[in-house]
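I have placed the structure first, in the form of structure tokens, so that the comments after it can refer back to it.
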Amino acid sequence: MRLPLFNLFEYPKHPQLYDALRAAGPERAWTLMSDLDRLFSPIYQEEVKEFTATTRAKVIKFMNMVPALSGADKSSYADQAAGYGPKLMFESTFITLWLDNPGLLFKEVVEVVGAEELRAAQELGHGVLALPLHLGPSYTIGPLISHSMPTRLVFNRMNFDEIKQAAFPNLPIEGFQLGSVSAFRAGLAAMRSGMAFSIFPELDPRGVDAHHVPVEFLGVRIFAPLGPVIMSQAAQAPMVPVVLSSLGGGKFRLVYHPMIEAPSKGASPTDALVRLWAIIESELITGQTGEWEMWHEFDRMLPSSEEDLA
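Numbered according to full-length UniProt numbering, the sequence shown spans residues 1 to 310.
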């Protein structure tokens, strides 16, 4: 299946195009990219129409399982979810254009809210466990954090090193593929050296295992990964949930939530996990409900049997 016209994976292959867009500046670049995307979109949508229809039906099915959305416009949310992938790639590509130019990036493209929350977490001296949520152009959150403190991130499928070299070679950020090394050890090492370690908290792509516990979310019980909280506890590093959202027209808002303190050594990690998922729930209900990437895999969070519900 062909990728959208603008996508991060192919970013390193088109240096001349992206040099030209950078030269245009954010406002003009957004218009140019939008015009080109509008021309290509009918071609792309024709190729992926079956996938889009299947995705939309699947998302509505999952949303029907969620009591908190019982009175919501699930049809509209499902449309958003089905179109989330191309939008994610378009917006992530646009932000990536400016990642190596912090003056322009934070003046004209990204508004930051809650920077003091990240600083407060950093000042505790144990590093920071940054938890970007799968909302909006989330692929750029790690590099955005690295403008405030050195960052290490873990990714599932991405040619990160190539993208970094092409787009933001000067940022103090490094990434590694999930499964290539121990994420737990790499995260601890990063935080113990004073870095931020960035990991998506909602789903472990390797599947549900013993390090998952049931939590109430949107009125239904799901299995949430304990890994991030266990890592926070081991490093005694606070967790900072982070959300990036589009304001329209090439403007974005990066929000650092108040830190969730690391559970003390020997304490149950469940309370901190419940606090984290309350933040995720609040973001979905009050903000980008349909643009949560996890709707595509929501069934992987649900109990697989009645025994699991016990």
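A virtual CB, placed ideally from N, CA and C, is assigned to each residue, including glycine.
Report the residue from the options whose alpha carbon sits nearest the alpha carbon of residue i.
i: Gly85; options: Ser138, Ala57, Leu104; result: Ser138
i: residue 337; options: Glu261, Glu108, Thr289; result: Here the chain has residues from 1 to 310 only, and residue 337 is not among them.
i: Phe62; options: Phe217, Val113, Asp37, Met33; result: Phe217
i: Gly249; options: Ala72, Pro225, Val110, Glu293; result: Val110
i: Trp292; options: Phe197, Gly179, Leu135, Asp204; result: Leu135
i: Ala210; options: Phe200, Gly227, Ser41, Glu116; result: Gly227
i: Gly266; options: Ala53, Ala235, Leu131; result: Ala235
i: Gly120; options: Leu273, Tyr256, Ser268; result: The sequence given here places Ala at residue 120; Gly does not occur at that position. With distances taken between Cα atoms, Ala120 lies closest to Tyr256.
i: Leu69; options: Phe252, Glu281, Leu302; result: Glu281
i: Thr55; options: Gly83, Leu39, Asp35; result: Gly83
i: Leu104; options: Arg38, Asp35, Arg22, Asp161; result: Arg22
i: Val229; options: Phe200, Ser246, Ser264, Pro269; result: Pro269
i: Ser232; options: Pro214, Leu254, Ala183; result: Ala183
i: Phe200; options: Val154, Glu162, Asn159, Asp161; result: Val154
i: Thr96; options: Arg38, Ser41, Pro12; result: Pro12
Which residue or residues does DSSP assign as beta-bridge partners of residue i?
i: Glu216; result: Arg221
i: Met239; result: Leu129, Ile260
i: Gln233; result: Answer by DSSP bridge pairing: none, since Gln233 is not bridged.
i: Val113; result: Val255
i: Gly248; result: Lys251
i: Leu135; result: Trp292
If I measure Cβ to Cβ from residue i and keep anything under 7 Å in the same chain, skipping five residues before and after, which residues do I get?
i: Val220; result: Met65, Val66, Pro67
i: Pro15; result: Ala166
i: Met259; result: Glu117, Ala120, Ala121, Pro238, Met239, Val240
i: Glu283; result: Leu133, Leu135, Val243
i: Trp30; result: Phe94, Gly249, Gly250
i: Asp37; result: Leu5, Phe6, Phe90
Which same chain residues, not among the five before or five after residue i, have their C-beta less than 6 Å away from its C-beta?
i: Val59; result: Ala78, Ala81, Trp295
i: Val208; result: Phe223
i: Glu47; result: Arg2
i: Phe197; result: Leu129, Arg152, Gly187, Ala190, Met191
i: Pro26; result: Glu108, Val109, Gly250
i: Gly194; result: Gly127
i: His212; result: Phe223, Pro225
i: Lys74; result: Ile60, Met63
i: Pro205; result: Asn156
i: Gly290; result: Tyr77, Gln80, Ala81
i: Pro150; result: Pro172, Met195
i: Asp19; result: none
i: Glu162; result: Pro12
Give me, in chain order, the residues of the same chain whose beta-carbon lies closer than 8 Å to that of residue i; leave out the 5 immediate sequence neighbours on both sides.
i: Asp100; result: Ala167, Phe168, Pro169, Asn170, Leu171
i: Arg300; result: Leu203, Gly207, Val208
i: Glu297; result: Leu203
i: Gly125; result: Gly194
i: Glu306; result: Confidence at Glu306 is low in this model, with a pLDDT of 39, below 50, so its placement is unreliable and no value can be given for it.
Counting only beta-carbon atoms, is residue i nearer than 8 Å to chain D?
i: Gly125; result: In the displayed structure, chain D is absent; only one protein chain is listed.
Practice problem: Specify whether the stretch 164-172 and the stretch 136-146 touch according to this definition: at least 3 beta carbon pairs, one from each stretch, less than 8 Å apart. | Solution: Between the stretch 164-172 and the stretch 136-146, the count of C-beta pairs closer than 8 Å reaches three or more; the two stretches touch.
Practice problem: Answer yes if the stretch 88-95 comes into contact with the stretch 2-20, meaning at least three C-beta pairs across the two stretches below 8 Å, and no otherwise. | Solution: Taking one beta carbon from each stretch, the stretch 2-20 and the stretch 88-95 have 3 or more pairs nearer than 8 Å; the two touch.
Quiz prompt | Runs of alpha helix (DSSP H) lying entirely within the stretch 31-100, each at least 4 residues, in chain order | solution = 49-63, 74-82, 84-96
Practice problem: Would you mind listing the alpha helix (DSSP H) stretches within the stretch 137-162 that are 4+ residues and don't spill past its ends, in chain order? | Solution: 141-145
Exercise. Count the C-beta pairs between the stretch 177-197 and the stretch 97-114 that are closer than 8 Å, then say yes if the count reaches three, no if not.
Key: no
Self-check item: 3 or more residues per run - each beta strand (DSSP E) lying fully within the stretch 167-222
Solution: 173-177, 196-198, 212-217
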